[in-house]
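Enquirer:
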Amino acid sequence: MVLFNPQKLVPSHPDPKLNEILRKTVAFFESKGKRRLREDDFSRVWYADFLDFAKQEKIFATLLTPTTYGGPDARWDTSRLCAFNELLGFYGLVYWYTWQVTILGLGPIWMSGNEGLKQKAAKLLDAGAIFAFGLSEKEHGADIYATDMLLIPQASGGYVARGDKYYIGNGNKAGMVSTFGRLPDSGEYIFFAVDSQHEKYELVKNITGTQSYVAEFVLHDYPIGEGDLLSRGDAAWNASLNTVNIGKFNLGWASIGICTHAFYEAINHASGRRLYNQSVTDFPHVKQAFVDAFSRLAAMKLFAQRASDYLRSASAEDRRYLLYNPVMKMKVTTQGEQVMDLLWDVIAAKGFEKEMFFDSATRDIRGLPKLEGTVHVNIALILKFMQNYFFHPAEYPGIPPRLDARNDDFLFDQGPTKGLGKITFHDYRKAYESRPLPNVRIFAGQIEAFREFLLKAAPDAAQQKDIDFLLAVGEIFTLVVYGQLILEQSVLQNIPDDLVDQIFDFMVRDMSRFALQVHGKPMATELQAGLCLKVIRRAEADPARFQRVLDEHVYSLAGVYEMPMEPAEPER
């Protein structure tokens, strides 16, 4: 399992333009140096230097412009976006954030039928512009049913936009802000584009204390013509949710980047320490923490890579991505929190030091599970697929690794955001049969016990209204989906048996923990509680396997990467 290492970039993608972008972006950050990176964080400096670099290299234009509207290297290719997401997360969430909200802002534009605004967006990208997604509001959050942004028809023609938006990233500099509102009388939803520099656009404040600008803005009778409308009615509603479908996928990759950098810092620190006349890395609890942290990080990346294949292969006939995307968002980001907790328990007070990337990583990793829908919202969505996933498998052609040079056109033509209960999935049991390892077998047995729970004691009508109970059940289902794609990717990448079995060591423990939580819920019946106990199993311990993973995959990373504190020589 190869972790991202800026100082030994291994071209894992066949696209030469992407590899050039990654190489130059690494050079930008490495030449900046960790001290300056940290000082900018402390001082909350707007990252103009990064945006100037991205403009000069036309990075956003190359990666975020569909083929039809861009230059020869331009395409919207999720596999390329994954790599850049990971890199930006590795150096700092704020750099990833301005990229992420640009992606969100572009969603309603590329989904629109307004060719004029699409051409305008392409030109702005080519000129180095960033974008914003004007959806949430102070009083309603992301409850888009209740939007107070009004588009008021005028007797002379056109409209004026009146209302405020809150928590809008890039709202200070965005060339276009895709803004969601409604007509006052009919309530019809409308997406329209505004310019953050217009005189009728009031930038109220930055509502967060970071380098990012997360805006509150007010539109004071901002003039809107027909040419400024992106979509209306059902199309506008669908654009809001389908844009989030695209954007939420990126959060898992940001978590992977953050955890990877933090892992290098933690292993470097611990490997050079001696306490009580013993090397820190010889303490049993430190060994366990590092093996668990690495195994969880490896699992995060394996799932993310495989989920990308399904996203790129999506079509009107294959919508499985609508399950895998919220799992990516919810599970990978919360696993990132666990990785950071394990590493922090090892390095302890060192994690607070101002010269450590770790200091900002512990703050930033907490935010990702809470963006683009909370964990609770995403589990509630995931549960809609549980019946068909377990009990009504369908036949699908195999999905190969998707690194091909193709524009992901379907992402901007996803169609209506309904009918989730009708989506079918291929038989998950085939993945679990592909790696007949001890802990994979134990985990597969836990899945069968959970299926028995669903067959004999599925949540009743009252329990289905109890979100707390459903969330606990949803954690178990999510873990099954998570394990399936991890196994699929492990076969494609020929991941060693030792590492796969060690991953499922923690998966067995996690499944047991979630089953115990359902068992203890006040709403659980005696039958349900008894069936939950059948899910609880012990992982198979194998000291020799553990030691091999520790030596070959974990401790071998000591000293492999350390970001230079002072500026490095820029790339020539």
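Using the working numbering, you'd call the opening residue of the sequence shown number 831 and step up by one each time. Cβ coordinates follow ideal geometry from the N, Cα and C atoms, glycine included. In this text, all values refer to a predicted model and were calculated from it rather than measured experimentally.
Does DSSP put Val1379 in a helix, in a strand, or in coil?
Expert: Translated into positions along the sequence shown, residue 1379 becomes position 549. It is helical.
Enquirer: Which runs of the beta strand (DSSP E) at least 3 residues long sit entirely within the segment 1191 to 1270? Give them in chain order.
Expert: Counting only unbroken stretches of 3 or more residues, no beta strand (DSSP E) element lies wholly within the segment 1191 to 1270.
Enquirer: So who's on the other strand from Pro983, going by DSSP bridges?
Expert: The residue you call residue 983 lines up with position 153 of the sequence shown. Answer is Tyr989, bridged to Pro983.
Enquirer: For Ala1210, I'd like the list of residues in its chain whose CB is within less than 8 Å of its CB, leaving aside the five on either flank, ordered along the chain.
Expert: For this step, residue 1210 is matched to residue 380 along the sequence shown. Once the five neighbours on either side are set aside, the close Cβ partners of Ala1210 are Ile1297, Leu1300, Leu1301, Gly1304.
Enquirer: In terms of residues, what are the limits of the beta strand (DSSP E) holding Arg1349?
Expert: Against the sequence shown, residue 1349 aligns to sequence position 519. Before going on, a small fix: residue 1349 reads as His here, not Arg. Segment 1327 to 1349 is the alpha helix (DSSP H) holding His1349; no beta strand (DSSP E) there.
Enquirer: Taking all protein chains shown into account, decide if Met1395 is buried (16 or more other Cβ within 10 angstroms of its Cβ) or exposed.
Expert: The sequence position of residue 1395 within the sequence shown is 565, counting from 1. Classification for Met1395: exposed.
Enquirer: Quick check on this structure: which residue in Gly1197, Gly1017, Lys1295, Ala959 has the alpha carbon closest to the alpha carbon of Ser1085?
Expert: Along the sequence shown, read from residue 1 onward, the residue named residue 1085 stands at position 255. Put simply, of Gly1197, Gly1017, Lys1295, Ala959 the residue whose alpha carbon is nearest the alpha carbon of Ser1085 is Gly1197.
Enquirer: Tell me whether Met1160 sits in a helix, a strand or coil according to DSSP, three-state version.
Expert: Position 330 of the sequence shown, counted from the start, is the residue given in the question as residue 1160. DSSP places Met1160 in helix when its eight states are reduced to three.
Enquirer: Counting only the same chain and skipping the five closest in sequence on each side, list residues whose C-beta sits under 8 Å from that of Arg1062.
Expert: Position 232 of the sequence shown, counted from the start, is the residue given in the question as residue 1062. Shown here for Arg1062: same chain residues with a beta carbon closer than 8 Å to its own, the five before and five after excluded, namely Glu1018, Tyr1019, Ile1020, Phe1021 in chain order.
Enquirer: Would you call the CB atoms of Lys864 and Met1216 closer than 9 Å?
Expert: One-based indexing of the sequence shown puts residue 864 at position 34. One-based indexing of the sequence shown puts residue 1216 at position 386. Cβ atoms of Lys864 and Met1216: not closer than 9 Å.
Enquirer: Closer than 8 Å is the cut-off here; do at least three beta carbon pairs connect the segment 1047 to 1059 with the segment 1351 to 1371?
Expert: no
Enquirer: Determine the burial state of Ser1415: buried for a count of at least 16 other Cβ atoms within 10 Å of its Cβ, exposed for fewer.
Expert: Residue 1415 lies beyond the stretch modelled for the chain, which goes from 831 to 1402, so this question has no answer here.
Enquirer: Within this structure, are the beta carbons of Arg1265 and Asp1194 separated by less than 9 Å?
Expert: Sequence index remark: in the sequence shown, residue 1265 carries index 435 (1-based). Sequence index remark: in the sequence shown, residue 1194 carries index 364 (1-based). No, Cβ-Cβ distance for Arg1265 and Asp1194 is not below 9 Å.
Enquirer: Could you tell me whether the Cβ atoms of Ile1037 and Arg1149 are closer together than 9 Å?
Expert: In the sequence shown, the residue the question calls residue 1037 occupies position 207. In the sequence shown, the residue the question calls residue 1149 occupies position 319. Not closer than 9 Å, so no.
Enquirer: Counting only the same chain and skipping the five closest in sequence on each side, list residues whose C-beta sits under 7 Å from that of Val1048.
Expert: Position 218 of the sequence shown, counting from 1, holds the residue named residue 1048. Contacts found: Asp994, Glu1032, Val1034.
Enquirer: Under the three-state reduction of DSSP, which class applies to Thr1111: helix, strand or coil?
Expert: Start at 1 with the first residue of the sequence shown, and residue 1111 comes out as number 281. Correct three-state label for Thr1111: helix.
Enquirer: Considering Cα atoms alone, identify which of Ile1177, Phe1336, Gly971 is closest to Gln1165.
Expert: Position 335 of the sequence shown, counting from 1, holds the residue named residue 1165. Among Ile1177, Phe1336, Gly971, the Cα nearest to that of Gln1165 belongs to Phe1336.
Enquirer: Hey, Val1436 and Thr1009: beta-carbon distance below 9 Å or not?
Expert: The structure shown has nothing for residue 1436, since the chain only spans 831 to 1402.
Enquirer: Any idea what DSSP makes of Ile1037, helix, strand or coil?
Expert: Locating residue 1037 in the sequence shown gives position 207, where the first residue counts as 1. Here Ile1037 sits in coil by DSSP.
Enquirer: If Thr1404 and Phe914 are in contact, beta carbons under 8 Å, what's the gap, nearest whole angstrom?
Expert: The first residue shown for the chain is 831 and the last is 1402, placing residue 1404 beyond what the model contains.
Enquirer: What's the gap between the Cα of Leu1315 and the Cα of Pro1246?
Expert: By one-based count along the sequence shown, residue 1315 stands at place 485. By one-based count along the sequence shown, residue 1246 stands at place 416. Near 26 Å, if we compare the C-alpha coordinates of Pro1246 and Leu1315.
Enquirer: Which residue's Cα is closest to the Cα of Glu1185: Glu869, Ser873, Leu1013?
Expert: Translated into positions along the sequence shown, residue 1185 becomes position 355. Taking the Cα of Glu1185 as reference, the smallest distance to any Cα among Glu869, Ser873, Leu1013 is reached at Glu869.
Enquirer: So, for Leu1233: in the same chain, excluding its five sequence neighbours on each side, which residues have a beta-carbon less than 7 Å away from its beta-carbon?
Expert: The residue given as residue 1233 occupies position 403 in the sequence shown. Excluding positions up to five away in sequence, the list reads His843, Pro844, Ser909.
Enquirer: Would you tell me roughly how many angstroms separate the C-alpha atoms of Thr1204 and Met1158, rounded to the nearest one?
Expert: Position 374 of the sequence shown, counted from the first residue, corresponds to residue 1204. Position 328 of the sequence shown, counted from the first residue, corresponds to residue 1158. Approximately 13 Å between the Cα atoms of the pair.
Enquirer: Please report how far the alpha carbon of Val1207 lies from the alpha carbon of Ala972, in whole angstroms.
Expert: Position 377 of the sequence shown, counting from 1, holds the residue named residue 1207. Position 142 of the sequence shown, counting from 1, holds the residue named residue 972. Cα to Cα, the separation comes out at about 11 Å.
Enquirer: With a CB to CB cut of under 6 Å and the five nearest residues on each side skipped, what residues in its chain are close to Ala959?
Expert: To locate residue 959, count along the sequence shown from 1; it is residue 129. Hits under 6 Å: Gly1005.
Enquirer: Could you give the distance in angstroms between the alpha-carbon of Ala1123 and the alpha-carbon of Ser1042?
Expert: For the purposes of this step, residue 1123 is taken as residue 293 along the sequence shown, with counting starting at 1. For the purposes of this step, residue 1042 is taken as residue 212 along the sequence shown, with counting starting at 1. Those two C-alpha atoms are separated by around 29 Å.
Enquirer: Just curious, the beta strand (DSSP E) that Ile1020 is in, first and last residue?
Expert: What you label residue 1020 is simply residue 190 of the sequence shown in a count that begins at 1. Per DSSP, Ile1020 belongs to the beta strand (DSSP E) from 1019 to 1024.
Enquirer: With His1099 as the anchor, note down where its alpha helix (DSSP H) starts and where it stops.
Expert: For the purposes of this step, residue 1099 is taken as residue 269 along the sequence shown, with counting starting at 1. Unbroken alpha helix (DSSP H) run through His1099: 1064 to 1101.
Enquirer: From the DSSP output, in three-state form, read off Met1170 for me.
Expert: Your numbering for residue 1170 matches position 340 in the sequence shown. Three-state DSSP puts Met1170 in a helix.
Enquirer: For the beta strand (DSSP E) holding Phe961, just list the boundary residues, first then last.
Expert: Residue 961 sits at position 131 when you count from the first residue of the sequence shown. Counting along the chain, the beta strand (DSSP E) containing Phe961 begins and ends at 961 to 964.
Enquirer: Could you have a look at Pro1053 and say whether DSSP puts it in helix, strand or coil?
Expert: In the sequence shown, residue 1053 corresponds to position 223, counting from 1. Note: Pro1053 maps to strand in three-state DSSP.
Enquirer: May I have the straight-line CA-CA distance separating Asn1291 from Lys1214, to the nearest angstrom?
Expert: Here the question's residue 1291 lines up with position 461 in the sequence shown. Here the question's residue 1214 lines up with position 384 in the sequence shown. A small fix is needed here, since residue 1291 is Ala in this sequence, not Asn. Distance from the CA atom of Ala1291 to the CA atom of Lys1214, rounded to whole angstroms, is 15 Å.
Enquirer: How many Å lie between Leu1127 and Asp1051 at the Cα?
Expert: Position 297 of the sequence shown, counted from the start, is the residue given in the question as residue 1127. Position 221 of the sequence shown, counted from the start, is the residue given in the question as residue 1051. So the two alpha carbons sit approximately 49 Å from each other.
Enquirer: What does the Cβ neighbour count give for Asn1107, buried or exposed, with the cut at 16 atoms within 10 Å?
Expert: Start at 1 with the first residue of the sequence shown, and residue 1107 comes out as number 277. Classification for Asn1107: exposed.
Enquirer: Is it true that the segment 925 to 940 meets the segment 1263 to 1277, where meeting means three or more beta-carbon pairs spaced less than 8 Å apart?
Expert: no
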